[in-house]
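Input: a single structure, listed below in structure tokens.
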Amino acid sequence: MNAVRLKVFITGASSGIGLALAEHYVTRGAVVGLVARRADSLAAFAARHPHAPISIYPVDVRDTDALADAARRFIAEHGAADIVIANAGMSRGVLTGHGDLPTFRAVMDVNYLGMVATFEPFVASMTAARHGTLVGIASVAGVRGLPGSGAYSASKAAAAKYLEALRVEMRPLGVSVVTIAPGYVRSEMTAHNPYPMPFLMDAERFAAKAASAIDRKVRYATFPWQMRIAGMLLHALPRWLYDALFERAPRKPRAAE
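Heads up, the sequence shown is in our numbering, so the first residue is 3 and it goes up one at a time.
Structure (structure tokens):
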């Protein structure tokens, strides 16, 4: 008798963490549904794995109708998902008072509302089966507001609080919610950061550790482990000390520069 395949749906799957997670689950023999804006990258991934059960959906998570349609098509073809990973994200340098409101809005739309939109079409089938795991990629950057990255920090803080609320809501319905908070992971997003990135982690190693946490239904996990300690220390810093330490910290250049 054929083994039942794990069914995994991943957004932001064309590069970085999302691509590494897609590689991990394909290697495990899972059925994967992959969402990203770059159709060519998704097609290239599918071509590298010609015998794997891969469905690709060239969709921007800000297009909620197209995202919901992709979810419906995945469920219709493969059945209810076992794991849904809301990974799509963007990071842009911003400053208030410099005309960056559109950038603030775009970052929040992708990193926070895009996560909500990703989960929305899967909840009914998961709760009906009382089975499944919703996974959100937050960030250590959401622990405190990082100067120059107000949009990113705010979006990841919002995502973390949303995931916490969702976890409690889904618990009596038989659905697990896992929050993964990366530190610095080697990817296109971090490649051009003009400042030191302590404990920088390869995306493949991160994906393996994240998948292990998902399998164990860990409520909240930070990788690498050193950044978990750093996050705890950042959270504990009194405001006056945090302000003094970070006032002159290196910043991501504004997206408009």
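Quick reminder that beta carbons are idealized off the backbone N, C-alpha and C, glycines included.
Helix, strand or coil at residue i [DSSP, three-state]
i      : result
Leu97  : coil
Pro123 : helix
Ser178 : strand
Ala73  : helix
Arg64  : coil
Tyr186 : coil
Ser16  : coil
Leu202 : coil
Asn4   : Note that Asn4 scores a pLDDT of 47, beneath 50, so its modelled location is shaky; the value from the coordinates is reported in the next line. Of the three classes helix, strand and coil, the one that applies to Asn4 here is coil, per DSSP.
Val145 : coil
Val220 : coil
Residue i - partner residues in DSSP beta bridges
i      : result
Leu247 : BP columns for Leu247 are empty, so no partner.
Lys9   : Val33
Ala38  : Pro60
Ala88  : Gly138
Pair within 8 Å by beta-carbon distance, residue i and residue j
i      : j      : result
Ala72  : Glu122 : no
Thr181 : Tyr222 : yes
Arg7   : Ala41  : no
His26  : Ala210 : yes
Ala251 : Val142 : no
Met229 : Ala161 : no
Gly95  : Gly150 : yes
Backbone CA spacing between residue i and residue j [nearest angstrom]
i      : j      : result
Val137 : Gly101 : 33 Å
Tyr244 : Val145 : 12 Å
Gly81  : Val10  : 11 Å
Thr129 : Ala167 : 16 Å
Tyr186 : Met92  : 14 Å
Boundaries of the alpha helix (DSSP H) in which residue i is found, first to last residue
i      : result
Ala159 : Gly152 to Met172
Gly138 : Where Gly138 is concerned, there is no enclosing alpha helix (DSSP H), although the beta strand (DSSP E) it sits in stretches over Thr135 to Ile139.
Leu103 : Leu103 to Met110
Where the beta strand (DSSP E) through residue i begins and ends
i      : result
Ala2   : It is not possible to answer for residue 2, since the shown part of the chain is limited to 3 through 259.
Ala238 : That residue, Ala238, is in no beta strand (DSSP E); its alpha helix (DSSP H) goes Trp227 to Ala238.
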